[in-house]
Amino acid sequence: MNLNKSAAFYAICVHEVGHLVMYRLQGVECGCRVFADTCSGVAMEEPETATQSTVEKTFTESYSSRFAKRSLGDLLAQSLVYAAGDVADDLVCNPDVRESTIRGGDKKHIAEISRAAFGENCGRDVERCFERLAAERSRNLLKPLSERMASVATYLQNKPDHCLTAKEFERIYIKTQNDTTTTKG
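Rendered as structure tokens:
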């Protein structure tokens, strides 16, 4: 793996860990798997079953039906999860960036959430505001956890199968909390 591909792969690890941390903050147990050959990944309940096609499906599949009839609070919480990947990437890999931009499949899913919250004809301006709100709130929640996310992402990157189950993530995440507390205290 060349240096650029290695850096890109680490960024994907950070991205997926960002999703996991936001899920954890919301009380949802989840794991992730990343794929070195395509620098892609997915956060899900059973990551050990994930394949490259699972990842591709998350980019192409519409989740509109999944968001229908959910409360505004649930929709906002889910938008924070989608925003958390790119926000974590910025916080850990690009710390000079002051405002995160949501990209790719996560951006698409946040747009679907905004339409579920405000109606199908809500308009692109409303989608952008919803996206910025999700990014800013995610950033506020994740910023104090940047070092821990970096540690977990390094662990994930170095793990041979690049897969963290929910239980393994929890164990590593707690360990990094103890490690950062010990080094600062």
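Per the working numbering, the sequence shown runs over residues 1095 to 1279. Don't be surprised by glycine CBs; every beta carbon is placed ideally from N, CA and C.
Item: Considering just the uninterrupted stretch of the beta strand (DSSP E) at Ala1144, what are its terminal residues?; Value: Neither: Ala1144 is in no beta strand (DSSP E) and is coded neither H nor E.
Item: So Ala1210 packs on Ala1162, CB below 8 Å; how close in whole Å?; Value: 6 Å
Item: Alpha carbon to alpha carbon, how far is Asp1131 from Tyr1267? Give it in angstroms, no decimals.; Value: 26 Å
Item: Less than 7 Å separating the beta-carbons of Asp1168 and His1109?; Value: no
Item: Out of Arg1160, Tyr1104, Thr1270 and Glu1262, state which residue places its alpha-carbon closest to the alpha-carbon of Ser1206.; Value: Looking at the sequence shown, residue 1206 is not Ser but Glu. Among Arg1160, Tyr1104, Thr1270 and Glu1262, the Cα nearest to that of Glu1206 is on Arg1160.
Item: Please classify Ser1156 as buried or exposed, where buried requires at least 16 other C-beta atoms within 10 Å of its C-beta.; Value: exposed
Item: For Gly1199, which option in Arg1226, Thr1270, Glu1150 and Val1128 has the closest C-alpha, if you only look at C-alpha atoms?; Value: Glu1150
Item: Note the first and the last residue of the continuous alpha helix (DSSP H) segment covering Gly1125.; Value: Note, Gly1125: premise wrong, no alpha helix (DSSP H); beta strand (DSSP E) at Gly1125 to Phe1129.
Item: When the Cα of Ser1165 is compared with those of Ser1208, Pro1238 and Arg1233, which residue comes out closest?; Value: Ser1208
Item: Using 10 angstroms around the beta-carbon of Ala1178, count the other beta-carbons present and answer buried if the total reaches 16, otherwise exposed.; Value: buried
Item: Val1242 to Thr1270, Cα distance in whole Å?; Value: Residue identity check: residue 1242 is Arg in the sequence provided, not Val. Near 6 Å, if we compare the C-alpha coordinates of Thr1270 and Arg1242.
Item: Between the Cα of Lys1261 and those of Lys1253, Asn1252, Glu1139 and Gln1251, spot the shortest distance and give me the residue it belongs to.; Value: Glu1139
Item: Over what stretch of residues does the alpha helix (DSSP H) that includes Lys1163 continue unbroken?; Value: Run containing Lys1163: none; DSSP gives neither H nor E here.
Item: Could you give the C-beta distance for Val1128 and Leu1250, rounded to a whole number, given that I count them as a contact under 8 Å?; Value: 6 Å
Item: Specify, as a first and last residue, the run of the alpha helix (DSSP H) that Arg1192 falls within.; Value: Neither: Arg1192 is in no alpha helix (DSSP H) and is coded neither H nor E.
Item: Between which two residues does the alpha helix (DSSP H) holding Leu1227 run?; Value: Arg1218 to Leu1236
Item: Could you tell me the alpha carbon to alpha carbon distance between Phe1103 and Lys1253, rounded to whole angstroms?; Value: 12 Å
Item: Judging by CA-CA distance, which residue of Met1116, Thr1148 and Ser1100 is the nearest neighbour of Phe1263?; Value: Met1116
Item: Can you give the Cα-Cα distance for Asn1188 and Ala1247, rounded to whole angstroms?; Value: 15 Å
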